[in-house]
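Each remark here refers to the structure printed beneath this line.
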Amino acid sequence: MDDASLTRKVESLCRALGYVGSATYFANAESFDRLENVHVVMTAFGAIGVHSVFGISDGAIPGSFKPVVYVGQARDDMAADELHRRVWTQGVVPLLVVVTPGGVEVRNGFGPPSDGSVLTRHEDVDDILPASLEDVSARSLTTSIFWKDRKVSRADTIDSRLVAAIEQLNRYACTTFPQLDTRQGRALVNALVGKLIYLFVLIDRGLIDEQWLRDVIRASGCKGVGFADAASHRGVRSNYPEFSPDEVWAVLDGIDGAINGCVFPIAETERPQIPSELIQFIHRVVRWDEKVEGRQLSFLDVSFQVLRTETISAIYERFLRLEDGDAQRAEGAFYTPPYLADFVVARADAQRPMEATSRVVDAAAGSGVFLVSAYRRIMERCAPPGGWGPAHANSARHLLRDCIFGIEKNAQAANVCRFSLYMTMLDYIAGVAIKDLAEIDEGEKLLPPLTDNIVVASAFSHPFEGTTFTHVLGNPPWLRLKRQGARRNTQTPNQNVPVNDDALTAFLAELPVETPVMHGRLSDAFVWFAVERLCEEGAVIGLILPTTSLVGRQSERFATALASKVSVRSVANLSYLRYRLFTGARAAATVVVARHQAPQPSDLVSVYRPRLSSLPLGEVGDVWALFVSQTDLQTVQVRDLQGDSNGWFGPLILGTVDRRTRDALRNFTRRRKSTVAEFLMRSGLHIQRGGNEEDTGFRFPMRIDRQGRELPVNLVALPKVLEQEIAVGYRALFSGNILLVPRAFKGLRVLEEPHAFNSTFYGIFFADNGCAASATKLSEYTRGSRQIDALWSLKAFLESGVVRYFAALYGATVLLDGARFEKGDLLSLPCPFEDASEPAFLDLHGSSDKDGSILDALGAGLDLRRAVKEFLSFSEGYADAQLPSDAFVEAGKDQIRVYLDRFSRDLAAAFTERFAPSVTIEGRGDGVVRLRVAFGQDAEKEGAAPPNRDGKFVASSVVSFDAKSRVARLSKSSALFAWMADQAVDDAGEVIRQVVSGCP
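Per the numbering used here: the sequence shown = residues 74 to 1073.
Quick look at the structure:
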């Protein structure tokens, strides 16, 4: 079959898949009109050679685009594998659809062709799509429910495979040559492999040719030039050209001289430590696919021609982590995946476009992932007519030199950062040979030195003093400079922080009290350094911060101060992705984008809080991109971020319904004085945390944990002979007749006998001395066995489903990790009972319907009862970054009815009777339910709407409004997660916003 016939088959397939006609389908490079991922798509059409690209649009930023599927054609299996090899090496799309003379193949874009990663094979396709290909149709890929059975795994991505191969090569080298089995020796092997990969990238991209290699080798005085032939050709060979180590060093030194810098330098004094046999073996493995211990490492699967700069940087950064892992962890620094850096940069760019006059800085630059993304934005926005090319090399050079800046403590990481920026620049001016790099701009080298741009220093030494920046980006270290020690910590900011960085110590000492660094969090200090020293007025700050800096009782001062000092514009709470975001880190992350200007309390803040169900991951898939669906966004006011006792907990963690419920409950408890704290006080109950030996006078026995560590036992029955040795302040707590409450708020126990316990637990107990209760019946009641009855009822109350829901509304970390529930949050929970003698309260113990009894006592209405039920049956499944087991089950009629009731009520409340909304379901199929909302007319009068073709991802809902016909339409995922009360309120809010603004 000739190429023309294959092309016709591809075009027919794309029509059948629904790609053709979609706003996010591009059949050639000339038609691509988006400002995001320009170089990715141009490489796909150019060096990779795909026929077309289908992607998804971000519902938050106009013009956004993320490729999802490449479509290509191949004459035979060998050509299909070659296309697949290039797609995998680029590492961007999870799916490759290949049309061959024998039919259609769907391949895993994140796995190499050598693994047999053909997902499915199909017969020829005409314009009618067979059911077997429905999973890769436009309507399926843009709807979350169709991803539920697709496992997107990043285990075999190009960077993971290369790092694993290099690690194995390193182990082999250290085993074969034991003198290299030291930290320095392993670093030398990694450096050599890295430098050779860099060389092969330059060769395969056409920057270096064989003649240049020969000239450099001859100029160095080497006798032979065999390495020029060896390096220029890849693939299995029958004869291997001989070459000397001196030839290799001559070439690598020549490259370093040409590009103004060195990546992974190997000093001349270190080079004799690397055996000649090892250099030749590494070359044969990487370039000719020689086996290592009987196994091929599949370097030939890698197309160095299309290997992304971001991937090379990621590999080199992971080298640094491997070589200096303990130090990296100690400094709280972790590898930031490129898709996350792109997400931050895109949101910063949306606030203030990055252009030729911008000055972008990352004060913890690492390998430069944020700076590379920012530089791409600038290059693509400033592209000359007809695009970048060799003729515009000097302009690209000036943009790099004038716009991009970074600070990095690790000199090796700074080298990688400069290299990454050089490679990015060369991406855009392809065609310039290395011999021409010194012939630009009156003899200056094309690649600027960048030693004054990417500075090796502590950020707090302020190497750019006197210069301010338009954009401050990055993922600052999350280290706590001072461990929290005893629980009596007073949370005093900016004091006694033991660090080894004099510049940081001086900076902390100069910070005023209104810019607190809480609990020694280094990320807090980086934020204030950005605000106080780096930003010009109106600058944009885009940082990834630990969620614990912004949410929780330990975050209140910092979070409130930040919202008061800068104008926060958007926040992305990525806490629900915490196990899948950073390699080797479990901490929850939040992206904050702000302008350096005084905020107004009524300023609007966009809040994005994706859950696993709202991304195209599948049920067990890895995060590979962040797609913002339109109704995943909520809007709050800046005042909502200021002054709450739990920082930004409400806006970041809670949905709209839960925030409204919490506000209503707070008003209820304020009017009725009906908190747990007030209940305990009226009942003569005290709450106290356990303590350590120093506090209590009790020596806890030791135990050995699974890691072999010796730790104190948390809870111990207290022998009577030791009771008098307990410190006075703990005797009542340890005397028995208490309710033991773990800080995790799970496994509550009534202890009638004396026990000693540490600060892992709280104890709630009756105290006759100083009891606040005054009623005779209560003072008589609070004795003997009736105290135990009351404690059992209190246990039943605190373990009820209603209180579990309340804990999620009030406890900042309950949904984040479920690891602890702070005392202050416990005491603030609603409690509708007067005191522990109230019959309704005592009846809880042994009740078959505790939740119903508590809700009756609260006088709860239908919405609160539904909220509790929905939390217990579904939403609680999101806690600790998990996924409810039935999240992707098709929503049933009852759930849709409850949704429509809430959705319609919220809409009706916003409009007059003349403009009253009428809601109907106008269609269901392909994983989507379509709703029609007509204003001031009958919703059922008009026929069904055409399918959505804008390429927006339907996580939960996509909303549009036509002002002329006064009709809004919603395309909703049919999955259960899209039909919860929170989504009904958010959908109504988006419809109202579009109606009021009069635009789609």
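By construction, the Cβ of each residue, glycine as well, lies at the ideal position given by its N, Cα and C atoms. Note that this is a predicted model, so its numbers are computed, not measured.
* Are at least three pairs of beta-carbons, each pair with one atom in the segment 927-938 and one in the segment 771-784, less than 8 Å apart? -> no
* Check GLY1118 in the structure and name its three-state DSSP category. => The chain is shown only over 74 to 1073; residue 1118 falls outside these bounds and no answer can be derived.
* Asked: Does the Cβ of GLN353 have 16 or more other Cβ atoms within 10 Å, making it buried, or fewer, making it exposed?
  -> buried
* Check whether the Cβ atoms of GLY547 and ALA436 sit closer than 9 Å, and answer yes or no. => Yes. Within cutoff.
* To do: Taking only the alpha-carbon atoms, compute the straight-line gap between PHE947 and PHE741 and give it to the nearest angstrom.
  => 26 Å
* Asked: First and last residue of the beta strand (DSSP E) that includes PRO990?
  -> 990-998
* To do: Answer yes or no: do LEU917 and LYS923 have a C-beta to C-beta separation smaller than 9 Å?
  => yes
* **For SER1047, the first and last residue of its enclosing alpha helix (DSSP H)** => For SER1047, no alpha helix (DSSP H) run applies, since DSSP gives it neither H nor E.
* From ARG158 to GLN710, what distance separates their C-alpha atoms? -> 48 Å
* **PRO549 beta carbon less than 9 Å from that of ILE617** => yes
* Would a C-beta distance cut-off of 9 Å place TYR92 and SER130 closer than the cut-off? -> no
* Quick one: Cα of ALA848 to Cα of TYR803, how far? -> Interpretation of ALA848 is limited by its pLDDT of 43, a score under 50 that renders its predicted location unreliable; no figure is taken from the coordinates.
* Is the beta carbon of ILE480 sitting closer than 9 Å to the one on ILE451? -> no
* HIS592 and ARG651 closer than 9 Å at C-beta -> No.
* Where does GLY891 sit, in a helix, a strand or coil, going by DSSP? -> coil
* To do: Kindly identify the DSSP beta-bridge partner or partners of PHE752.
  => In DSSP, PHE752 forms no bridge with anything.
* Within its chain, find whatever has a CB closer than 7 Å to the CB of PRO251; leave out the 5 residues flanking it on each side and keep chain order. => If we look at PRO251 and ignore the five residues flanking it on each side, it has no Cβ neighbours.
* To do: Kindly indicate which residue of LEU1043, LEU690 and GLU366 has the alpha-carbon position closest to the one of THR248.
  => GLU366
* Taking 8 Å as the cut-off, does the CB of PRO815 come closer than this to any heavy atom belonging to the ligand COA? -> As for the ligand COA, it is missing from this structure, which has no ligand bound.
* **Own chain partners of THR230 with C-beta closer than 7 Å, once the 5 adjacent residues on each side are dropped** => The answer, listed in chain order, is GLY164 and PHE183.
* To do: Note the first and the last residue of the continuous alpha helix (DSSP H) segment covering THR729.
  => 729-745
* Do you know offhand how far TYR649's Cα is from PHE580's? -> 34 Å
* Beta bridge counterpart(s) of SER125 as assigned by DSSP -> VAL144
* When the Cα of SER596 is compared with those of THR621, TYR98 and VAL823, which residue comes out closest? -> THR621
* 8 Å contact criterion, which ASP475 and PHE533 should meet: CB distance rounded -> That pair is no contact at about 25 Å.
* Asked: Considering only C-alpha positions, which residue in the set GLY781, THR769, GLY820 and ARG816 is nearest to VAL801?
  -> THR769
* Paired residues, beta bridge with ALA829 - DSSP -> VAL789
* Residue from ALA147, VAL941, ARG194 and ASP319 whose Cα sits closest to the Cα of ASP76 -> ALA147
* Asked: Which partner residues of MET775 appear in the DSSP bridge assignment?
  -> Answer by DSSP bridge pairing, in chain order: PRO785.
* **Collapsed DSSP secondary structure at TYR649 in the structure displayed** => Helix, per DSSP.
* Could you name the residues of the same chain whose beta carbon sits closer than 6 Å to that of LEU162, not counting the 5 residues immediately before and after it, in chain order? => Just to set this straight, residue 162 is Thr in the shown sequence, not Leu. Within the same chain, THR162 has close Cβ partners ILE231, VAL375, SER376, VAL379 and LEU380.
* Which of helix, strand or coil does DSSP assign to GLY267? -> helix
* What are the start and end residues of each continuous beta strand (DSSP E) run of 3 or more residues lying completely inside the segment 85-136, in chain order? -> 125-129
* N-terminal and C-terminal residue of the alpha helix (DSSP H) that ASP1060 is part of -> 1054-1070
* Whether ALA301 touches TYR313 by CB criterion (9 Å) -> Their beta carbons are not under 9 Å apart, which means ALA301 does not touch TYR313 by this criterion.
* **Three-state secondary structure assigned by DSSP to HIS195** => strand
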